[in-house]
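Novice: Per our numbering, the very first residue in the sequence shown carries number 38; after that it's consecutive.
Where is the CB? At the ideal position from N, CA and C, for every residue including glycine.
Fair warning: this is a prediction, and the values are worked out from it, not measured in the lab.
My questions will all concern the structure given below.
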Amino acid sequence: MPNTFKVITRDVCPASAGTPETLYTVQTGSTVIVLGLTLANVHNAQVTASVTIVSTTTQTSQTQNTTAHIIKDAAIPAGSTLSVLDGKIVLNVDDIVKIDCSVADKVSATMSYMEIT
């Protein structure tokens, strides 16, 4: 299984405040390890931002993943950057990373990850 380091960016997101925007969806045949995720406030005032993982992966015969917040309504001062992760997050096929912000198009996102195929 080859490992490939990658980065995905959004200059501004989400398109509509209160409607989380998809940053990344894990493709068929891949497992992803998120190594870093930063959000930069590009607005002239403080915003709040949230990051969620949407997962329906069944981990055991009794447990199925759901949507979980990585951060929720975290304050980001004007012109500042928030590093979202303390450690790594493993994502499986069809898992989705979504970003929301209190003001539309005022958060810039960068996610670095390793893709295992």
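Evaluate contact between the segment 106 to 117 and the segment 50 to 65, counting only Cβ atoms and requiring at least three cross-stretch pairs below 8 Å.
Specialist: no
Novice: How would you label Ser92, buried or exposed, when you count the other beta carbons within 10 angstroms and need 16 or more for buried?
Specialist: Along the sequence shown, read from residue 1 onward, the residue named residue 92 stands at position 55. It is buried - the Cβ of Ser92 has at least 16 other Cβ atoms within 10 Å.
Novice: In the DSSP assignment, find the beta strand (DSSP E) that holds Lys135 and state where it starts and stops.
Specialist: The residue you call residue 135 lines up with position 98 of the sequence shown. That run of the beta strand (DSSP E) goes Ile133 to Cys138.
Novice: For Ser117 and Lys135, what's the separation of their Cα atoms in angstroms?
Specialist: Here residue 117 corresponds to residue number 80 of the sequence shown, with the count starting at 1. Here residue 135 corresponds to residue number 98 of the sequence shown, with the count starting at 1. Their backbone Cα atoms lie some 20 Å apart in a straight line.
Novice: Is it buried or exposed, Val121, if we count other Cβ atoms within 10 angstroms and call 16 or more buried?
Specialist: The sequence position of residue 121 within the sequence shown is 84, counting from 1. By the neighbour-count rule (16 or more Cβ atoms within 10 Å), Val121 is buried.
Novice: Does the beta-carbon of Val132 have 16 or more other beta-carbons within 10 angstroms, so that it is buried, or is it exposed?
Specialist: Within the sequence shown, numbered from 1, the residue matching residue 132 stands at position 95. This sequence places Asp at residue 132; Val is not what is there. Answer is buried; the Cβ neighbour count reaches 16.
Novice: Just to confirm the assignment, what range does the beta strand (DSSP E) spanning Lys109 have?
Specialist: Working through the sequence shown from its first residue, we reach residue 109 at position 72. Taken as a continuous stretch (DSSP letters only), the beta strand (DSSP E) holding Lys109 covers Ala105 to Ile113.
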